[in-house]
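Only one structure is covered here, and it is reproduced in the block below.
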Amino acid sequence: MSWVWIASMVLPPLVGGVLLFLSGWDSRSTWSASRLPRAIPVRRHLALESHLAVWGFCGGMAVGLGAAHLGFGLADHWVLPFLLAMAPLVPVLVWLGRRVRRPYPTSLRWLLAPYQGLSILLVVLVESIGRWVHRRRAIAEAPEPAQGSPEDLREGVRDLASLTVEDVMVPRSQEVALQADLKITDALRQAGSRPFTHYPVYAESIDHTLGLVHMLDLTDPTAAEQPVRQRVVSALIVPETMRALTLLQKLAEAPLSTALVVDEFGGHSGLVTLGDVVEVVIGDLVGEHEEVRRRIIPLGDGVYRVEGTCEIEEFNEQVRPVLPEGEYDTVAGLVLDRLGRIPQQGDDVVLSEAVLEVLERTDRRVLWTQVTLTPSRAPARS
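For the sequence shown, our numbering begins at -3 and goes up steadily by one.
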C-alpha cells in the first residue's frame, strides 16, 4: 500500500472534520466549542485562520493525489480548482461558525482527534518561531551599550582612591557666589550667566559662607523681594585634603549632594558635587559643570574659546604649542603678564604664533579669552 493511497484515504476525512469543527467555533456548548481558542489568545485568530487555510490546501492536494492514483479521468481537470478553492473557503467557514454558533455534531468527534493535536502543534511551532524572530529583531534594533569595560571601572575606582577633594572640585574662581542680602530677583540675574544647581551664599566675604541656595528657590515668583539668606540651606563642609572615596560616602549619606570645600585656613575654596566624584569612575557625565570642564572650545579656522583658568600646558598639548611658558601657569596669567595690568574686555595680546583677546572678565580676573592661531600655524580643517 503506497503512501499516496494512504494520504488520499486519511487526509480528506481530516479536512472534513476541520470544517465541521470550525462550525462550532463559538458554540455555547462547553465541549463543542473549539479547543484552539482556549489554547491561543483571541487576538491571534487571524493567524490561526491562516494555519487552517494551509491545512485545507494540503487536504485538497491529498484529494487530488488520491484521485489521480485511483485513476479518475477528471483528476487533471478538477485538482487545481479544488486546491485554489480550499484555502479561501476555510476562513469563510470560520466566520460562518462564529455567526451561526451551531452546535458541533458529537457523532463526528473521532474526526477531530488527529487534527486537534496536529493543529495545536503547528500553531505552537509557528508562534515559537515568531517569538524567536521577534527577539532577534529586538536585539538587532537595541541601542549599543555604553562604552566601558569592567576593567575601565576598576581603573576608575583605583584613580579615585588616589585623589583628594581638591582634584575633583569646582574651584572658587569658576563658581558664582551670591551675597546674602541680595534680593532674589537680583541674585537670579547674577546667576543667570552660569546656571548651576546650587550657589554658595556668603555674608561679609566669600570666605564667610553661610550655605547654599537652590536654583529653584531663585525662580520662585512669590519670593522675588526676599533676601537670598532666607532661602539658604546648610551644606556639608569638607576640606580640600579629604580623600575622594571618603567624600563619596559622605555625599551619599548627606541630604544634599553638593558640599562646600574649605582650604587649610578655613577659607572658601570651591564646590564639589556627587556627580564630580562619580565622573572619575564612569567617565564624563552631562551635568551642570560640563561647560566649565570643557575649557577649550574650538570655533573653527584656528580660533578657540579658552577659559582663563586653562593651563598653558593643557592648551599646548590639545591644540598646538603656541603659548609660551613662564612664571604663570594659566592663560589668564599669560594675559596679565604680557599686559602688566588688570585687562579690560577686548584687550589683545599678540604673540609670535597666536593672538589672545579678552572676552569676559571680572574686576580681578580673566574668565574667557579667544585664541586665534596665525595662518601659518592654524591646523588643517577636517
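Cβ atoms here follow ideal geometry from the backbone N, Cα and C, with glycine treated the same way. This structure is a prediction, so every number in the text was calculated from the model and none was measured.
- Item | DSSP three-state assignment for residue 154, whether helix, strand or coil | helix
- Item | Cβ shell of residue 270 (< 6 Å), same chain only, five flanking positions each side left out | Short of 6 Å from the beta carbon of residue 270, and not among the five residues preceding or following it, lie these beta carbons of its own chain, in chain order: 247 and 253.
- Item | Where residue 175 sits in the DSSP three-state scheme | Three-state DSSP puts residue 175 in a strand.
- Using the Cα positions of residue 193 and residue 169, report the straight-line distance between them to the nearest angstrom. Taking the straight line joining both Cα atoms gives about 17 Å.
- Message: Quick test of the definition: if touching needs 3 or more C-beta pairs under 8 Å, does the stretch 291 to 306 touch the stretch 361 to 370?
- Response: Because the criterion of three Cβ pairs below 8 Å is met, the stretch 291 to 306 and the stretch 361 to 370 touch.
- Message: Taking only three categories from DSSP, how would you classify residue 183?
- Response: helix
- Assigned exposure category for residue 358 - 16 Cβ within 10 Å defines buried: exposed
- For residue 72, is the classification buried or exposed, using 16 other Cβ atoms within 10 angstroms of its Cβ as the cut-off for buried? Unreliable positioning characterises residue 72 in this predicted model, as indicated by a pLDDT of 48, which lies under 50. The coordinate reading is nonetheless provided below. Per the 10 Å Cβ criterion, exposed.
- Task: Assign residue 26 to buried or exposed, taking buried as 16 or more other Cβ atoms, counted over all protein chains shown, within 10 Å of its Cβ.
- Result: Low local confidence applies: a pLDDT of 46 at residue 26 is under 50, so the model's placement there is unreliable, and no value is given.
- Query: With burial defined as no fewer than 16 other Cβ atoms inside 10 Å of the residue's Cβ, what is the status of residue 213: buried or exposed?
  - Reply: With a threshold of 16 other beta carbon atoms within 10 Å, residue 213 meets it and is buried.
- Message: Would the stretch 262 to 276 count as touching the stretch 335 to 346 if we require 3 or more Cβ pairs under 8 Å?
- Response: Output reads no: the stretch 335 to 346 does not touch the stretch 262 to 276.
- Item | Residue nearest to residue 229 in terms of C-alpha spacing, selected from 216, 241, 205 and 219 | 205
- Task: Can you have a look at residue 297 and say buried or exposed, based on whether 16 or more other CB atoms are within 10 angstroms of its CB?
- Result: exposed
- Look up residue 318 in the DSSP assignment and say whether it is helix, strand or coil. coil
- Query: Looking at residue 255 and residue 224, is the spacing between their C-beta atoms short of 8 Å?
  - Reply: No, they are not a contact pair.
- Item | Which listed residue (258, 226, 276 and 221) has its alpha carbon closest to that of residue 238 | Taking only the C-alpha atoms, the option nearest residue 238 is 258.
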